[in-house]
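Asks: Just so you know, our numbering puts 643 at position 116 of the sequence shown, and the rest follows in order with no gaps. A virtual CB, placed ideally from N, CA and C, is assigned to each residue, including glycine. Let me give you the structure first, and then I'll get to my questions.
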Amino acid sequence: MKKIISIFLIVLLMFSLFSNVVLAQDFYRTNSFVSQDDIIEEVYGLYNSNNYNGTGSRATGLITKNLLKLTKTTSSLKIQAETLCSSDVTKCGFTYVKLQRLINGTWTDYTTYCYYDQYSQSNGLVFLKTIYPPSGYSYRVICEHYAEKPKLIFFKETQTIYNATSSLSF
Numbered sequence: 528m529k530k531i532i533s534i535f536l537i538v539l540l541m542f543s544l545f546s547n548v549v550l551a552q553d554f555y556r557t558n559s560f561v562s563q564d565d566i567i568e569e570v571y572g573l574y575n576s577n578n579y580n581g582t583g584s585r586a587t588g589l590i591t592k593n594l595l596k597l598t599k600t601t602s603s604l605k606i607q608a609e610t611l612c613s614s615d616v617t618k619c620g621f622t623y624v625k626l627q628r629l630i631n632g633t634w635t636d637y638t639t640y641c642y643y644d645q646y647s648q649s650n651g652l653v654f655l656k657t658i659y660p661p662s663g664y665s666y667r668v669i670c671e672h673y674a675e676k677p678k679l680i681f682f683k684e685t686q687t688i689y690n691a692t693s694s695l696s697f
């Protein structure tokens, strides 16, 4: 009897371990911004912070992490931009996030996909956008990360960081 119970418990334990792995994979597939199978190419911001411990090399230290990424899928482009700020910041986000395309050797704003004054009142903002621009062009994304903190009376301390991705053909 003890042997039957122990075998039953082992089988039950093995089943529970494998079912958790399968459920976790399903959760990842349904909750990700872009499915890994759809990604054709990704380009990252040239001035992304590679620092995740909260201390930056910037002058004021209001922005602790900045990220910009452009992802090409089979039918769209996906923009991901993040600004994380220190805890005493009252305004955090982006002055602008712009999609640009290369026309006759010059980067021009593709005004349909330009976003201005994207801020949050917390210490972080994540900007995600899926766009469907015309194909046959090279595209890039530029942005300006922004943070603001109150000082004495009506003075404010601000920090901005420019960022741009490499180009990709769509």
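Go through its chain and collect everything with a Cβ distance to Cys670's Cβ below 6 Å, but skip five positions before and after it.
Replies: Here residue 670 corresponds to residue number 143 of the sequence shown, with the count starting at 1. Taken in chain order, the residues that qualify are Leu595, Ala608, Phe621, Val624 and Asn690.
Asks: Which residues bound the beta strand (DSSP E) around Ile566?
Replies: What you label residue 566 is simply residue 39 of the sequence shown in a count that begins at 1. Per DSSP, Ile566 belongs to no beta strand (DSSP E) and is neither H nor E.
Asks: To the nearest angstrom, report how far apart Ile688 and Pro660 are at their CA atoms.
Replies: Residue 688 sits at position 161 when you count from the first residue of the sequence shown. Residue 660 sits at position 133 when you count from the first residue of the sequence shown. In a straight line, the C-alpha of Ile688 is about 26 Å away from that of Pro660.
Asks: Taking DSSP as the reference, what is the three-state secondary structure of Lys678?
Replies: In the sequence shown, counting from the first residue as 1, residue 678 sits at position 151. Three-state result, Lys678: coil.
Asks: How many angstroms separate the CA atom of Thr598 from the CA atom of Lys605?
Replies: Locating residue 598 in the sequence shown gives position 71, where the first residue counts as 1. Locating residue 605 in the sequence shown gives position 78, where the first residue counts as 1. So the two alpha carbons sit approximately 5 Å from each other.
Asks: Using the three-state DSSP reduction, which class does Ser533 fall into: helix, strand or coil?
Replies: Here residue 533 is taken as the residue at index 6 of the sequence shown, counted from 1. In the structure shown, Ser533 adopts helical secondary structure according to DSSP, grouped into three states.
Asks: With a threshold of 8 Å on Cβ separation, who are the neighbours of Cys612 within its own chain once the five nearest residues in sequence on each side are excluded?
Replies: In the sequence shown, the residue the question calls residue 612 occupies position 85. Only Leu589, Ile590, Thr591, Cys619, Asn650, Gly651 and Ala674 meet the Cβ criterion.
Asks: Just the C-alpha distance for Asp644 and Leu655, rounded to the nearest angstrom, thanks.
Replies: Along the sequence shown, one-based indexing puts residue 644 at 117. Along the sequence shown, one-based indexing puts residue 655 at 128. Approximately 15 Å between the Cα atoms of the pair.
Asks: So, for Val616: in the same chain, excluding its five sequence neighbours on each side, which residues have a beta-carbon less than 6 Å away from its beta-carbon?
Replies: The sequence position of residue 616 within the sequence shown is 89, counting from 1. Cβ neighbours of Val616 beyond the five flanking positions: Leu589, Asn650, Ala674 and Lys676.
Asks: Buried or exposed, going by whether 16 or more other CB atoms sit within 10 Å of the CB of Phe698?
Replies: For residue 698 there is no data in the structure shown, the boundaries of the chain being 528 and 697.
Asks: Taking only three categories from DSSP, how would you classify Asn575?
Replies: The residue labelled residue 575 in the question sits at position 48 within the sequence shown. If DSSP states are grouped into helix, strand and coil, Asn575 belongs with coil.
Asks: Name, in chain order, the residues that DSSP records as bridge partners for Gln645.
Replies: Counting from 1 along the sequence shown, the entry for residue 645 is found at position 118. Per DSSP, Phe621.
Asks: So for Asn650, helix, strand or coil by DSSP?
Replies: In the sequence shown, counting from the first residue as 1, residue 650 sits at position 123. Three-state DSSP puts Asn650 in coil, outside helix and strand.
Asks: Which same chain residues, not among the five before or five after Tyr700, have their C-beta less than 6 Å away from its C-beta?
Replies: Since the displayed the chain opens at 528 and closes at 697, residue 700 lies outside it and no answer follows.
Asks: So what's Asp636 in DSSP terms, helix, strand or just coil?
Replies: Stepping through the sequence shown from its first residue, residue 636 is reached at position 109. Three-state result, Asp636: strand.
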